[in-house]
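Protein chains in written order, with the numbering used here: chain A, 9 to 191; chain B, 382 to 564; chain C, 30 to 176.
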């Protein structure tokens, strides 16, 4: 159900134990990991993995962080990005900041991001244009002070091409974060 | 009747012909540059034609460029798009850089008329797990419960009634008879 | 034609017509004299244009308020609270914003439910004063000490 990035508790206790005991050591009582809990976890992860392998999870949605905003997207969505964006029209971008990936039966939550080799979200820039003319009118009442400006800002429209699971949950590759990179 | 649409049409983001699914198709079909060979107002257009036009035509093979010298007329550009829309822009006294900028604007547009967007995203599949309704998080026993029910028929708010509260306040405000000191 | 200085100042400016026409185009949908009398129309137009500028910011503020309302309503239904969700999530390093959470609460209720449960489980491990009133404690959250 929940795939967490790292555990700090175990390391934390070890560090505390090795510190000199001039100060009263901060002790932390760890709960016993129940056998049943481990069994349930294993079963859940297996179920999720089998759905991924058989591609039976159905449509996926993802929450991506793109151009400073979080957006919930699925295949074939259109999203609008306010402001100038460096990508040219027709470019295919890979959205690497995936915060959450959900389906009918399971949700993978990133802390804060999901591994880049687990999820793939691809985006095509479809249109780059200017918004309608916005009137910026300032008026100070009874002061005979007013100014008027007109503004059209950039925006681009993007099409989500795919939201796809590319790896299995709980199985990490030996080297992470180098997939598809050019050094 | 509301007539706000007189000034600024509003709508939702869309792309013509599902552009971007599969691949991106440039939407600009034809662009016509009208200019005068003598007038100073067309100077930027003439500069552009002399220096950058061939480059522009090479980088945009899907676009037909027409040049129309028109004696003693203001220069203008007319863009025609795949969806049948056309857009006119007066280029009077534009510099070469401005012409380049507006030409790239025309190139990257989709041809849909400028409007105010009511939403910045569009999805055909707003929900994957099913939309929330008042029974989503309820226990399913309600479906088969027989009413009147022992628990379900009781009011949810089990706090003291207003009468009880008033009695409580009254009791608190009661002052006990002070014990007379005996001399 | 020679006109005196007084008359000259009275002659309407040639551009005045266009100036007024520009205003009347924008007040065409008003009712009464503010549509056709320039001196009245311009007052109302100025006021309307100022509202346009100001309401661009208000719209965003209203949206944030609406998201908060939606999230807190969703949380309360599940026995949690907005504060508990936001602070529990922050402690779990889940960086979803209010817009997304409000969206999830409506359109993806199961994901939202699991998020509230995770936040509550985190708060039970590391309680914050006044916030660990999630009752009853969320069942079925298995953390393996990793939360």
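From the three backbone atoms N, C-alpha and C, an ideal C-beta is built for every residue, glycine too.
- Under the Cβ criterion of 9 Å, residue 470(B) is not counted among the residues facing chain A.
- For residue 55(C), there is no enclosing beta strand (DSSP E); the residue is part of the alpha helix (DSSP H) that begins and ends at 45-55.
- For the pair residue 80(A) and residue 133(C), the CB atoms are nearer than the 9 Å cut-off.
- The residue among 69(C), 67(C), 75(C), 127(C) with its C-alpha nearest the C-alpha of residue 95(C) is 127(C).
- Between residue 124(C) and chain A, the shortest Cβ-Cβ separation is below 9 Å.
- With 16 or more other Cβ atoms from the protein chains shown falling within 10 Å of its own Cβ, residue 136(C) counts as buried.
- In the structure shown, residue 78(A) falls within a strand segment according to DSSP collapsed to helix, strand and coil.
- Listed in chain order, the positions of the stretch 85-115 of chain A with a beta carbon within less than 8 Å of a beta carbon of chain C are 107, 108, 110, 115.
- For residue 43(A), the enclosing alpha helix (DSSP H) has its first and last residue at 43-62.
- A direct Cα-to-Cα measurement between residue 471(B) and residue 442(B) gives close to 24 Å.
- By the Cβ neighbour-count rule, residue 109(C) is buried, with 16 or more other Cβ atoms within 10 Å of its own.
- Cβ neighbours of residue 118(A) within its own chain (closer than 7 Å, five residues either side excluded): 106, 107, 108.
- The beta carbon of residue 155(A) sits closer than 7 Å to those of 146, all from its chain and outside the five residues before and after it, given in chain order.
- Under the Cβ distance rule, residue 79(C) counts among the residues neighbouring chain A, one pair being separated by less than 9 Å.
- No Cβ of chain C is located within less than 9 Å of the beta carbon of residue 420(B).
- In the three-state reduction of the DSSP assignment, residue 396(B) falls in the coil class, being assigned neither a helical nor a strand state.
- Interface with chain A (9 Å Cβ-Cβ cutoff): residue 137(C) is included.
- DSSP places residue 122(C) in the coil class of the three-state scheme, outside both helix and strand.
- Under the three-pair Cβ rule at 8 Å, the stretch 437-452 of chain B counts as touching the stretch 408-419 of chain B.
- Residue 517(B) places its beta carbon less than 9 Å from that of residue 511(B).
- Beta-carbon to beta-carbon, residue 462(B) and residue 408(B) are separated by about 5 Å, close enough to satisfy the 8 Å threshold.
- For residue 132(C), the three-state secondary structure derived from DSSP is helix.
- 507, 508, 509, 510, 511, 512, 513, 517, 518: these are the residues of the stretch 507-520 of chain B whose beta carbon lies less than 8 Å from some beta carbon of chain C, given in chain order.
- Take residue 74(A), set aside five residues on each side of it, and the residues of its chain with a beta-carbon closer than 6 Å to its own are 103, in chain order.
- Chain-order list of chain B residues neighbouring residue 140(C): 510, by C-beta distance under 8 Å.
- Within chain B, the residues 513 have their CB atoms less than 8 Å from the CB of residue 134(C), given in chain order.
- Counting only runs that start and end inside the stretch 527-556 of chain B, the alpha helix (DSSP H) elements of at least 4 residues fall at 543-554.
- Within chain A, the residues placing a beta-carbon under 7 Å from that of residue 496(B) are 140, ordered along the chain.
- The beta carbon of residue 411(B) lies closer than 6 Å to those of 445, 461 in the same chain, with the five residues before and after it left out.
- Separation of residue 488(B) and residue 129(A) (C-alpha to C-alpha, rounded to the nearest whole angstrom) is 27 Å.
- A residue is called buried once 16 or more other Cβ atoms fall within 10 Å of its Cβ, and residue 114(A) is buried on that count.
- In its chain, beyond the 5 residues on either side, 107 have a beta carbon closer than 8 Å to the beta carbon of residue 120(A).
- Of the candidates 175(C), 176(C), 171(C), the residue whose Cα lies closest to the Cα of residue 48(A) is 171(C).
- Straight-line spacing of the CA atoms in residue 170(A) and residue 83(A) works out to 5 Å.
- As the crow flies, the alpha-carbon of residue 153(A) is around 26 Å from that of residue 388(B).
- Residue state for residue 508(B) is assigned as coil, using DSSP reduced to three classes.
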